[in-house]
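Colleague:
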Amino acid sequence: MKIAILPGDGIGTEIVAEAVKVLNVLDMKFEMETALVGGAAYDAHGHPLPDSTLKLAKEADAILFGAVGDWKYDTLDRPLRPEQAILGLRKNLGLFANFRPAICYKELVNASSLKPELVAGLDILIIRELTGDIYFGQPRGRRVSPDGAFAGAEEAFDTMRYTRPEVERIARVAFEAARKRSKRVTSVDKANVLETFQFWKDIVTEVHKDYPDVALDHMYVDNAAMQLVKEPKRFDVVVTGNMFGDILSDEASMLTGSIGMLPSASLNASSQGLYEPSHGSAPDIAGKGIANPLATILSAAMMLRFSLNQEAAALRIEEAVKTVLAQGFRTGDIYSDGTTKVSTAQMGEAVVKALRS
Ligand code: IPM
Ligand code: MG
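Everything in the sequence shown is counted per the working numbering, starting at 1 for the first residue and increasing by one.
(1) Excluding sequence positions up to five away, which residues of its chain have a Cβ less than 8 Å from the Cβ of S271?
(2) With burial defined as no fewer than 16 other Cβ atoms inside 10 Å of the residue's Cβ, what is the status of R90: buried or exposed?
(3) Are the beta-carbon atoms belonging to E318 and F65 less than 8 Å from one another?
(4) Please find out if some non-hydrogen atom of the ligand MG comes closer than 7 Å to the beta-carbon of D246.
(5) Within its chain, find whatever has a CB closer than 6 Å to the CB of T340; leave out the 5 residues flanking it on each side and keep chain order.
(6) Buried or exposed: G69, going by 16 or more other Cβ atoms within 10 Å of its Cβ?
(7) Thinking C-beta only, is A67 closer than 8 Å to I11?
(8) Rounded to the nearest angstrom, what separates I134 and L87 at their Cα positions?
(9) If distances are taken between C-alpha atoms only, which option among M347, L216, E18, I259 comes closest to R100?
(10) Using 10 angstroms around the beta-carbon of L93, count the other beta-carbons present and answer buried if the total reaches 16, otherwise exposed.
(11) What residue from V119, A102, V214 has the CA that sits closest to N110's CA?
(12) Does the stretch 247-267 come into contact with the stretch 207-219, if we say contact requires no fewer than three beta-carbon pairs (one atom in each stretch) closer than 8 Å?
(13) Tell me the rounded alpha-carbon separation between F175 and P165.
(14) Determine the extent of the beta strand (DSSP E) in which L355 is found, giving its start and end residues.
(15) Among A301, T205, T296, V144, which one has its Cα closest to the Cα of E14?
(16) With a 10 Å radius around its C-beta and 16 neighbouring C-beta atoms as the bar for buried, classify G46 as buried or exposed.
(17) Can you give me the C-alpha to C-alpha distance between L325 and M347, rounded to a whole angstrom?
(18) Whose C-beta lies closer than 7 Å to the C-beta of G332 among residues of the same chain, with five residues either side of it excluded?
(19) Given 8 Å as the limit, is there contact between the stretch 179-188 and the stretch 239-251, that is, 3 or more CB pairs closer than that?
(20) I'd like the list of long-range same chain contacts for A191, defined as Cβ closer than 8 Å, with 5 residues on each side in sequence excluded.
(21) Do F96 and L130 come within 8 Å of each other at the CB atom, strictly closer than that value?
(22) Anyone know if the C-beta pair for A4 and A40 falls short of 8 Å?
(23) Taking the beta strand (DSSP E) that T186 belongs to, which residues open and close that run?
(24) Cβ of D250 versus every heavy atom of the ligand MG: is any distance shorter than 7 Å?
(25) Taking 8 Å as the cut-off, decide whether the C-beta atoms of V214 and K183 are in contact.
(26) To the nearest angstrom, how far is the alpha carbon of V321 from that of A354?
(27) Locate the alpha helix (DSSP H) running through E117, then write down its first and last residues.
(28) Below 8 Å on the Cβ atoms is my guess for E31 versus A345; work out the distance and round it to an integer in Å.
(29) Please state if the CB of D9 and the CB of P82 are separated by a distance shorter than 8 Å.
(30) Less than 8 Å between the beta carbons of A312 and M302, yes or no?
(31) With a CB to CB cut of under 7 Å and the five nearest residues on each side skipped, what residues in its chain are close to M243?
(32) Would you report the Cα separation of A177 and N98, rounded to the nearest angstrom?
(33) Is the closest heavy atom of the ligand IPM to the C-beta of V68 under 7 Å?
(34) Which residues in the same chain have their Cβ closer than 7 Å to the Cβ of V173, if we skip the five residues on either side of it in sequence?
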């Protein structure tokens, strides 16, 4: 079981360190190798995704990823910015299926900004298509004005695009996932305005014919954004494109109390996967030891389940996370009166201890 460890930037290094501690107490034979990625790789090698890092990722069974990005790279040419590392990994490894489960643990019902009765028992699975859409559309660029007007450009454009096989395969992933849950899928689109998403909707409807046992409904993305805060428990599996999925998964994370709780898995057709917290590098709190490592620890559990075929170990980690929450340990993002505020490392230690006992 070969795992590439790519901590990245900002809080990435702190949270991944805790997840590695957790993996190490499982007493399993992992071969772990760490490499630079994102801004850290740019600083050392002049590129956010050096060939050596990409090679390591390709050869691994799974990748444990932290986060990338820092404002200080905002002025770099786009291909050199830290975010290109994660986008490049997704594209190069064909990691098209992104699973972002939003589960509200009962201990965190009061950490959510929504009323407890709206989020208690919440368990949504957002399935985000990850290698198409406007994120990877061509052409893209800026049209430079002849007289060198403001910022040297008069127009900028990105192209929203999906192909039939791309939509078909993510639709199948969603219907298959729903079969293991409550057999309901909501496909989120913007078919009332965008051709790309009428196409999406039509194809999801076609693929649905192969899954008569699963209920399908369609929802426009603006309405979905509203329903997520109005009545989140109406959703079970939500399938959507890359851009809408990016936005809705951040929104859904707040239902669970904190984006610091939301893990993710990005899988390709051969179940090789990249596992990362859904949150970013949070440069504002980096180095302070206050970040919540649970999203990354839960991502490591998903890694054991989906890529390493170790369901029992995955469940052990998830149980240990529930235990530390029940014990009252909270990082700042999920802290509330009457609980114990802990640092990133203390939270990692608490999970390690729960696993040992
Ligand atoms: C995410 C992040 C990334 C994305 C960024 C860092 C490129 O927001 O994984 O949700 O937009 O996909
Ligand atoms: Mg995002």
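Cβ coordinates follow ideal geometry from the N, Cα and C atoms, glycine included.
Modeller: Reading it off the structure:
(1) Within the sequence shown, residue 271 is the residue found at index 271, counting from 1. Around S271, the same chain offers F306, S307 as residues with beta carbons nearer than 8 Å, after the five sequence neighbours per side are excluded.
(2) For the purposes of this step, residue 90 is taken as residue 90 along the sequence shown, with counting starting at 1. It is buried - the Cβ of R90 has at least 16 other Cβ atoms within 10 Å.
(3) Looking up residue 318 in the sequence shown gives position 318. Looking up residue 65 in the sequence shown gives position 65. It is not a contact, given that the beta carbons lie outside the stated cut-off.
(4) Position 246 of the sequence shown holds residue 246. Correct: D246 has its Cβ closer than 7 Å to the ligand MG.
(5) Residue mapping note: residue 340 aligns to position 340 of the sequence shown, counting from 1. Within the same chain, T340 has close Cβ partners G328, F329.
(6) In the sequence shown, the residue the question calls residue 69 occupies position 69. The Cβ neighbour count for G69, taken over all protein chains shown within 10 Å, is at least 16; the residue is labelled buried.
(7) Your numbering for residue 11 matches position 11 in the sequence shown. Your numbering for residue 67 matches position 67 in the sequence shown. A contact, by the Cβ cut-off of 8 Å.
(8) Along the sequence shown, read from residue 1 onward, the residue named residue 134 stands at position 134. Along the sequence shown, read from residue 1 onward, the residue named residue 87 stands at position 87. Their Cα atoms are separated by approximately 12 Å.
(9) Here residue 100 corresponds to residue number 100 of the sequence shown, with the count starting at 1. Ranking the options by Cα distance to R100, first place goes to I259.
(10) Mapped onto the sequence shown, residue 93 falls at position 93. Classification for L93: buried.
(11) The sequence position of residue 110 within the sequence shown is 110, counting from 1. Here the closest residue by C-alpha is V119.
(12) In the pairwise beta carbon analysis, the stretch 247-267 is classified as not touching the stretch 207-219: fewer than three pairs are separated by under 8 Å.
(13) Here residue 175 refers to the residue found at position 175 of the sequence shown. Here residue 165 refers to the residue found at position 165 of the sequence shown. Whole-angstrom Cα-Cα distance: 15 Å.
(14) Here residue 355 corresponds to residue number 355 of the sequence shown, with the count starting at 1. Unbroken run through L355 is the alpha helix (DSSP H), 344-356; no beta strand (DSSP E).
(15) One-based indexing of the sequence shown puts residue 14 at position 14. With distances taken between Cα atoms, E14 lies closest to T296.
(16) Locating residue 46 in the sequence shown gives position 46, where the first residue counts as 1. Label assigned to G46: exposed.
(17) Residue mapping note: residue 325 aligns to position 325 of the sequence shown, counting from 1. Residue mapping note: residue 347 aligns to position 347 of the sequence shown, counting from 1. Annotation: L325 to M347 spans about 10 Å, alpha carbon to alpha carbon.
(18) Counting from 1 along the sequence shown, the entry for residue 332 is found at position 332. Contacts found: I290, K341.
(19) Here the stretch 179-188 makes contact with the stretch 239-251; the two share three or more CB pairs at distances below 8 Å.
(20) In the sequence shown, counting from the first residue as 1, residue 191 sits at position 191. Hits under 8 Å: F197, Q198, W200, K201, H218, Y220.
(21) Locating residue 130 in the sequence shown gives position 130, counting from the first residue. Locating residue 96 in the sequence shown gives position 96, counting from the first residue. A contact, by the Cβ cut-off of 8 Å.
(22) As a working note, residue 4 is residue 4 in the sequence shown. As a working note, residue 40 is residue 40 in the sequence shown. Judged by their CB atoms, A4 and A40 are not nearer to each other than the 8 Å cut-off.
(23) The residue you call residue 186 lines up with position 186 of the sequence shown. 184-189 is the span of the beta strand (DSSP E), which, as asked, contains T186.
(24) Here residue 250 refers to the residue found at position 250 of the sequence shown. The answer is yes for D250.
(25) Position 214 of the sequence shown holds residue 214. Position 183 of the sequence shown holds residue 183. Going by C-beta atoms, V214 is nearer than 8 Å to K183.
(26) For the purposes of this step, residue 321 is identified with residue 321 of the sequence shown, where counting begins at 1. For the purposes of this step, residue 354 is identified with residue 354 of the sequence shown, where counting begins at 1. If I take the Cα positions, the gap works out to 8 Å.
(27) Along the sequence shown, read from residue 1 onward, the residue named residue 117 stands at position 117. Residues 116-119.
(28) Mapped onto the sequence shown, residue 31 falls at position 31. Mapped onto the sequence shown, residue 345 falls at position 345. Taking 8 Å as the upper bound for CB-CB distance, E31 and A345 are not in contact here, some 25 Å apart.
(29) Numbered from 1 along the sequence shown, position 82 holds the residue referred to as residue 82. Numbered from 1 along the sequence shown, position 9 holds the residue referred to as residue 9. Taking the C-beta atoms as reference points, D9 is found nearer than 8 Å to P82.
(30) Against the sequence shown, residue 312 aligns to sequence position 312. Against the sequence shown, residue 302 aligns to sequence position 302. Judged by beta-carbon spacing, M302 lies beyond the 8 Å limit of A312, meaning their Cβ atoms are not closer than that value.
(31) The count along the sequence shown starts at 1 and reaches residue 243 at position 243. Only D133, I134, Y135 meet the Cβ criterion.
(32) To locate residue 177, count along the sequence shown from 1; it is residue 177. To locate residue 98, count along the sequence shown from 1; it is residue 98. Spanning the two alpha carbons is a distance of roughly 12 Å.
(33) Looking up residue 68 in the sequence shown gives position 68. At a cut-off of 7 Å, the beta-carbon of V68 counts as near the ligand IPM: some heavy atom of the ligand is closer than that.
(34) Here the question's residue 173 lines up with position 173 in the sequence shown. Excluding sequence neighbours, V173 sits near A97, I127.
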